[in-house]
Amino acid sequence: MKQSLRAKRMAKRNKRLLQAPKLNLVSLMDIFTILVFFLLVNSGDVEVLQTDKSIKLPMSVSEQKPDNNLIVLISNEDLLVGGQRIAAIKDLVASQDQTFAPLTKELKYQAQKAGHYRQKKN
Numbered sequence: 793m794k795q796s797l798r799a800k801r802m803a804k805r806n807k808r809l810l811q812a813p814k815l816n817l818v819s820l821m822d823i824f825t826i827l828v829f830f831l832l833v834n835s836g837d838v839e840v841l842q843t844d845k846s847i848k849l850p851m852s853v854s855e856q857k858p859d860n861n862l863i864v865l866i867s868n869e870d871l872l873v874g875g876q877r878i879a880a881i882k883d884l885v886a887s888q889d890q891t892f893a894p895l896t897k898e899l900k901y902q903a904q905k906a907g908h909y910r911q912k913k914n
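If you're matching positions, the sequence shown starts at 793 in my numbering and goes up one per residue.
Here you go:
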């Protein structure tokens, strides 16, 4: 029995799809060859400069001092102010007050210390 053109075309397509794909490495090899030649040509033009001991670099002097920023960090376990542990989160959650006394105390201390720093700065 004769196959129709459509059946032949489908059989040819199925046969082609069952084959393992082929990898064409020609263009990839061309790119790597060009890259190797580029690196070989440009690697010979390196000039090493010797440091001269008689050159004195200028001192960098800044008139403006950097600001100290106070960071309040709340993690899963601790409450940190300026990198120091103030209290555990369990204590903070258990507190019924509107304000948390250890945090208030630490923030007042930091404000007093910053005020002292500002007075020295002026």
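From the three backbone atoms N, C-alpha and C, an ideal C-beta is built for every residue, glycine too.
Query raised in the report: Is the Cβ-Cβ distance between L862 and Q902 less than 8 Å?
Result: Residue 862 sits at position 70 when you count from the first residue of the sequence shown. Residue 902 sits at position 110 when you count from the first residue of the sequence shown. Judged by their CB atoms, L862 and Q902 are nearer to each other than the 8 Å cut-off.
Report task. Determine the DSSP secondary structure at A880, reduced to helix, strand or coil. Result -> Mapped onto the sequence shown, residue 880 falls at position 88. Assigned with DSSP and collapsed to three states, A880 falls in strand.
Query - Cutoff 7 Å; reference R877; Cβ partners in own chain excluding five residues on either side - result: In the sequence shown, counting from the first residue as 1, residue 877 sits at position 85. Here R877 has D870 as same chain residues with Cβ atoms under 7 Å from its own Cβ, once five neighbours each way along the sequence are excluded.
Query raised in the report: Cα separation between I823 and G875?
Result: Residue numbering aside, residue 823 sits at position 31 when the sequence shown is read from its first letter. Residue numbering aside, residue 875 sits at position 83 when the sequence shown is read from its first letter. Note on geometry: alpha-carbon atoms of I823 and G875 lie some 53 Å from one another.
Query raised in the report: Using DSSP with H/G/I as helix, E/B as strand and the rest coil, what is I826?
Result: What you label residue 826 is simply residue 34 of the sequence shown in a count that begins at 1. Secondary structure at I826: helix, using DSSP grouped into helix, strand and coil.
Requested in this report: Confirm, please, whether the CB-CB distance from P894 to A880 is below 8 Å.
Outcome: Residue mapping note: residue 880 aligns to position 88 of the sequence shown, counting from 1. Residue mapping note: residue 894 aligns to position 102 of the sequence shown, counting from 1. No, Cβ-Cβ distance for A880 and P894 is not below 8 Å.
**Report entry** Sequence-distant residues of its chain with Cβ nearer than 6 Å to V873 (five each side left out)
**Finding:** Position 81 of the sequence shown, counted from the first residue, corresponds to residue 873. V864, E898, listed in sequence order.
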